[in-house]
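First comes the structure, then the notes that go with it.
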Amino acid sequence: MKKNIILFESNLLEKQVFNDIFKCNELTSEYGLMLNDEDVKEIIKTRNVALEKSGRIEFNGQIINKIITTFCDSPYISQYNYSDTINELVEIFYNYKNETLDYIGDDELIEIMKEYFNNYCQGSLELLEGKVLYKIADNIRNGVKDYTNLDSEKD
Amino acid sequence: MDKSKHIQKPSFFIRNNFSEEYFFKDILVICYEEKLLDDKILDRISYERLEVLKVQLKYYTKDESSSVMIEVAENLMQGIDYTIGIYLKTFDNIELTIAELKNTGLFDMLKMGHDLIKKKTVESKKLLDEIHKNKLKFDNYSYNDTIDYGIPLFFKEYDDFFAANETPGSIDYQLYIDNMNYIGIEYINNYLDILSLENEFCYNFDICEINELLKGYDKKCELLLINIFELVLTNSLGLIICDKSLKNLNINSIDREQIKNKLDNLSLEELQEALLKYAKRCCEILDIRNKALVNYITKSTLKITSLINKSIELNKLETVFISFNEDNDNEVIEYIDGKKLSNPIFRKLSEQIRECSSIQDKVALIKNKIKSLEDLADMLNAECLFEDEYIMYFKSLSQMEIILLSKYMSDLSLENEYEKEWYFEFNKYISSLSEEEQITIKKLKEKIHY
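Read top to bottom, the protein sequences are chains H and F.
For the first sequence, the numbering used here begins at 1 and goes up steadily by one.
For the second sequence, the numbering used here begins at 1001 and goes up steadily by one.
Below is the structure:
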């Protein structure tokens, strides 16, 4: 009986997430980007692992869609690296939700990621994760008001 | 077959089988095990429970985040279960509870539970105000601190929407019979109910007598985590056993001999019976008619019984039936003043106090920041308080603090000065005290040495 009172049942939600991600192809095809069934499954798997690793729980499955629709017009993403990049971005996103102490909302974090990915990092995910987001998370933990400023000193 | 078995309620119906903390979950588990709820209903409840959680999470994240740490979700879920549990506890029997679970959605139950919590919070606040207004002037820090800061802190920090199951605040004063199974507002509500019953009992005695009793228990009684009601009730029972008046709470060694002679040969059951009889007599003598208090005294007497029984066995009655200290007339109280604040800090603090909009905040600031009598006098001189605020502040002080202030005034021969508002208000406050309290203040003042 106690099994019935678990926190989340993920089957239904996962099916819906799969369909939602798949639907993104309609938009991304304009940019020559497409995900096949296997890619989508892989991304969902990445999300599940990332959630588990970061000790988080998701109550609606919109994040992957948001990442895809935000990043699809990036000049640094092509069909060649599309699926891999999305996988990495999903992992980075959940990791930095924790590292930024939930201080910034989903949309803002994705926007920050896109802004730096397209400009400062010129498409480098290593730079985005290892330097930019690391510094931003550090700024937030130290109470820096202008936390997106990478040159800021501790207040 | 015995017919009575048919009308006897099965054991799982008994309210005690459900924990106070996880009432909602316990109901679901037990009713499912007893086949009072089927899979369909349980699935519906499980689904709704998650839907409720989703909505709460949306509010919690202000809809800015679609994921949270698992601990956050679990804490919110506990809050939801607790709130629904509060609502379900309003049903007297299991049949009505099950009918409610079958027919009402969890969203509605959560709403009604939340309304109940808000109502309980208002009631508890009122009760705390009453207790605060009629607070007894015991020389015990845990009693005073719990009422003045610990419980108000609960109301300041209690989050009835997201964390109704949590019990913030700082409660140091121990009740004689406390129900630690309660959490959240239910715990505070129950704590305040019992505290007011204990106070109501103690009102029947002269406060100086109680303070003498506490001193008799331990010279440093003000520092101890003791329950005052227990000491007063035990000595009252002792006095009744000796056929003595309850006006003087002292029990001397001859009284103890008498108590021992009367109780010595009784079995535990007989002792319990005898003590309950004395407790009843105690209620009659003190004209206690409040049924809740009479019940509480009865329950407390049952708890005291084993203590008294042990003390008789060990021949250590003096640890239970307390004598006043006799040789305290020549006692000298040494007062070491706390550290004085530097001028800039003091100036800043006095400005802060002046800026406070409520007297409660002012009192809290003064109590937290001022640690020296000199600073206190400077603050009172610095026009940080106005009119009625003085009296309210003086009321918040313990007897010892009042005595120290009074001593300070008489040392500077300010007693008959009315140049400053606070001298006048302080004298007014002192004259508003009972004659006995004024005498005690006068007596103790002379014993204080800086």
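Virtual Cβ for every residue (Gly too), placed ideally from N, Cα, C.
Problem set entry | Integer-rounded CB distance, given that isoleucine 92(H) should sit under 8 Å from glutamate 129(H) | Residue numbering aside, residue 129(H) sits at position 129 when the first sequence is read from its first letter. Residue numbering aside, residue 92(H) sits at position 92 when the first sequence is read from its first letter. Contact flag correct, Cβ pair sits at about 5 Å.
Exercise. Which residues does DSSP pair with arginine 56(H) in a beta bridge?
Worked result: Here residue 56(H) refers to the residue found at position 56 when the first sequence is read from its first residue. In the DSSP assignment, arginine 56(H) forms a beta bridge with Met1069(F).
Exercise. Do leucine 1404(F) and leucine 1433(F) have their C-beta atoms within less than 7 Å of each other?
Worked result: For the purposes of this step, residue 1404(F) is taken as residue 404 along the second sequence, with counting starting at 1. For the purposes of this step, residue 1433(F) is taken as residue 433 along the second sequence, with counting starting at 1. Going by C-beta atoms, leucine 1404(F) is not nearer than 7 Å to leucine 1433(F).
Exercise. Chain H beta carbons: is any one of them nearer than 7 Å to that of cysteine 1110(F)?
Worked result: Working through the second sequence from its first residue, we reach residue 1110(F) at position 110. The sequence given here places leucine at residue 1110(F); cysteine does not occur at that position. Not closer than 7 Å to any Cβ of chain H, the Cβ of leucine 1110(F) fails to qualify, so no.
Problem set entry | Given asparagine 25(H) as reference, the closest of Tyr80(H), Leu109(H), Ile140(H) and Cys72(H) once Cα atoms are compared | Along the first sequence, one-based indexing puts residue 25(H) at 25. Minimum Cα distance to asparagine 25(H) is reached at Cys72(H).
Exercise. In terms of residue numbering, what span does the alpha helix (DSSP H) encompassing methionine 34(H) cover?
Worked result: On the first sequence, residue 34(H) is found 34 positions in, with the first residue counted as 1. From DSSP, methionine 34(H) is part of no alpha helix (DSSP H); its letter is neither H nor E.
For this session: Run the CB neighbour count on serine 1342(F), radius 10 Å, all protein chains shown included, and call it buried at 16 or more, exposed below.
Result: The residue labelled residue 1342(F) in the question sits at position 342 within the second sequence. Exposed.
Exercise. Can you list the residues of chain F that lysine 15(H) reaches, using a CB-CB cut of under 9 Å?
Worked result: Taking the first sequence and counting its residues from 1, one reaches residue 15(H) at position 15. Going along chain F, no residue has its Cβ under 9 Å from lysine 15(H), so there is no contact; the nearest lies around 16 Å.
For this session: Grab me the residues of valine 90(H)'s own chain with a C-beta within less than 8 Å of its C-beta, minus the 5 sequence neighbours each way, in chain order.
Result: Position 90 of the first sequence, counted from the first residue, corresponds to residue 90(H). Only Ile43, Thr46, Arg47, Ala50, Ile63, Ile64 and Ile67 meet the Cβ criterion.
For this session: Provide the residue span of the alpha helix (DSSP H) that contains phenylalanine 117(H), from first to last.
Result: As a working mapping, residue 117(H) is identified with position 117 in the first sequence. That run of the alpha helix (DSSP H) goes 106-118.
For this session: Could you name the residues of the segment 47-59 of chain H whose beta carbon sits closer than 9 Å to any beta carbon of chain F, in the order they occur along the chain?
Result: Of all residues in the segment 47-59 of chain H, Leu51, Ser54, Gly55, Arg56, Ile57, Glu58 and Phe59 have a Cβ within less than 9 Å of some Cβ in chain F.
Exercise. So which residues of chain F does lysine 97(H) contact, with C-beta pairs closer than 8 Å?
Worked result: Along the first sequence, read from residue 1 onward, the residue named residue 97(H) stands at position 97. The answer, in chain order, is Ser1065 and Ser1067.
Exercise. Quick one: is tyrosine 1047(F) buried, meaning 16 or more other Cβ sit within 10 Å of its Cβ, or exposed?
Worked result: Locating residue 1047(F) in the second sequence gives position 47, where the first residue counts as 1. Classification for tyrosine 1047(F): exposed.
Exercise. Residues in its own chain within less than 6 Å of tyrosine 1296(F) by CB, not counting five upstream and five downstream?
Worked result: Along the second sequence, read from residue 1 onward, the residue named residue 1296(F) stands at position 296. Once the five neighbours on either side are set aside, the close Cβ partners of tyrosine 1296(F) are Leu1197.
For this session: Say whether chain F places a C-beta atom closer than 7 Å to the C-beta of aspartate 151(H).
Result: Counting from one through the first sequence, the residue named residue 151(H) turns up at place 151. For aspartate 151(H), the answer is no, since every Cβ of chain F falls outside 7 Å of its Cβ.
For this session: Report the rounded CA-to-CA distance for glutamate 1230(F) versus isoleucine 1070(F), giving the unit in angstroms.
Result: Counting from 1 along the second sequence, the entry for residue 1230(F) is found at position 230. Counting from 1 along the second sequence, the entry for residue 1070(F) is found at position 70. So the alpha carbons of these two residues sit roughly 44 Å apart.
Exercise. Isoleucine 63(H) versus chain F: which residues are under 8 Å apart at the beta carbon?
Worked result: In the first sequence, the residue the question calls residue 63(H) occupies position 63. The contact set of isoleucine 63(H) on chain F, defined by CB atoms closer than 8 Å, consists of Ser1066 and Ser1067 in chain order.
Exercise. When the Cβ atoms of the segment 1210-1222 of chain F are set against those of the segment 1130-1140 of chain F, are three or more pairs found closer than 8 Å?
Worked result: With contact defined as three or more Cβ pairs closer than 8 Å, the segment 1210-1222 of chain F and the segment 1130-1140 of chain F are in contact.
For this session: Could you confirm whether any beta carbon from chain F is found closer than 7 Å to the beta carbon of aspartate 20(H)?
Result: Against the first sequence, residue 20(H) aligns to sequence position 20. So no, aspartate 20(H) is outside the interface.
For this session: Within the segment 1037-1101 of chain F, note down every full alpha helix (DSSP H) run reaching 4 residues or more, in order along the chain.
Result: 1039-1060 and 1070-1088
Problem set entry | Per DSSP, the bridge partner or partners of isoleucine 1448(F) | Taking the first residue of the second sequence as 1, we reach residue 1448(F) at position 448. DSSP output for isoleucine 1448(F) lists Ile1333(F) as bridge partner(s).
Exercise. Straight-line CA distance for serine 1067(F) to isoleucine 1288(F)?
Worked result: What you label residue 1067(F) is simply residue 67 of the second sequence in a count that begins at 1. What you label residue 1288(F) is simply residue 288 of the second sequence in a count that begins at 1. Straight-line Cα distance between these residues: approximately 57 Å.
Exercise. Counting pairs of Cβ atoms below 8 Å between the segment 1086-1093 of chain F and the segment 105-120 of chain H, do you hit three or more?
Worked result: no
Problem set entry | glycine 1079(F) classed as buried or exposed, judged by whether at least 16 other C-beta atoms fall within 10 angstroms | For the purposes of this step, residue 1079(F) is taken as residue 79 along the second sequence, with counting starting at 1. It counts as buried.
Exercise. So, is histidine 1449(F) buried or exposed, given that buried needs 16 or more other C-beta atoms within 10 angstroms?
Worked result: Residue numbering aside, residue 1449(F) sits at position 449 when the second sequence is read from its first letter. So histidine 1449(F) ends up on the exposed side.
Exercise. Leaving out the 5 sequence neighbours to the left and right, which residues in its chain are closer than 7 Å to leucine 1293(F) when beta-carbon positions are compared?
Worked result: Working through the second sequence from its first residue, we reach residue 1293(F) at position 293. These residues qualify, in order along the chain: Leu1197, Glu1200 and Phe1201.
Exercise. Should methionine 1(H) be labelled buried (16 or more other beta-carbon atoms within 10 Å of its own) or exposed?
Worked result: The sequence position of residue 1(H) within the first sequence is 1, counting from 1. With a pLDDT of only 37 at methionine 1(H), under the threshold of 50, the placement of this residue in the model should not be trusted, and no figure is reported.
Exercise. Nearest to leucine 1213(F) by alpha carbon, out of Leu1249(F), Ile1194(F), Gly1238(F) and Ile1241(F)?
Worked result: On the second sequence, residue 1213(F) is found 213 positions in, with the first residue counted as 1. Answer by Cα proximity: Leu1249(F).
Exercise. Within the 7 Å Cβ cut-off, does isoleucine 1194(F) reach chain H?
Worked result: One-based indexing of the second sequence puts residue 1194(F) at position 194. Among the residues facing chain H, isoleucine 1194(F) is not included, as its CB has no counterpart in that chain under 7 Å away.
Exercise. Looking at the C-beta of alanine 1099(F), does it have a partner C-beta in chain H at a distance below 7 Å?
Worked result: Taking the first residue of the second sequence as position 1, residue 1099(F) is located at position 99. Judged by the 7 Å Cβ criterion, alanine 1099(F) is not in contact with chain H.
Exercise. If we count Cβ pairs, one from each stretch, closer than 8 Å, do we get three or more for the segment 1426-1446 of chain F versus the segment 1388-1406 of chain F?
Worked result: yes
Problem set entry | Bounding residues of the alpha helix (DSSP H) (the contiguous stretch that carries proline 1344(F)) | Taking the second sequence and counting its residues from 1, one reaches residue 1344(F) at position 344. First-last of the alpha helix (DSSP H) with proline 1344(F): 1343-1355.
For this session: Report all residues from its chain with a CB closer than 8 Å to the CB of isoleucine 1041(F); omit the five preceding and five following residues, and keep chain order.
Result: By 1-based counting over the second sequence, the position of residue 1041(F) is 41. Taken in chain order, the residues that qualify are Leu1101 and Lys1102.
For this session: Use the C-beta contact count for glycine 61(H): other C-beta atoms within 10 angstroms, 16 or more gives buried, fewer gives exposed.
Result: By 1-based counting over the first sequence, the position of residue 61(H) is 61. It counts as buried.
Exercise. At what residues does the alpha helix (DSSP H) containing glycine 1113(F) begin and finish?
Worked result: As a working note, residue 1113(F) is residue 113 in the second sequence. First-last of the alpha helix (DSSP H) with glycine 1113(F): 1106-1133.
Exercise. Which whole-angstrom value describes the C-beta separation of leucine 1500(F) and lysine 1369(F), a residue pair presumed to lie in contact below a C-beta threshold of 8 Å?
Worked result: Because residue 1500(F) is not part of the residues shown, which for chain F are 1001 to 1450, the question remains open.
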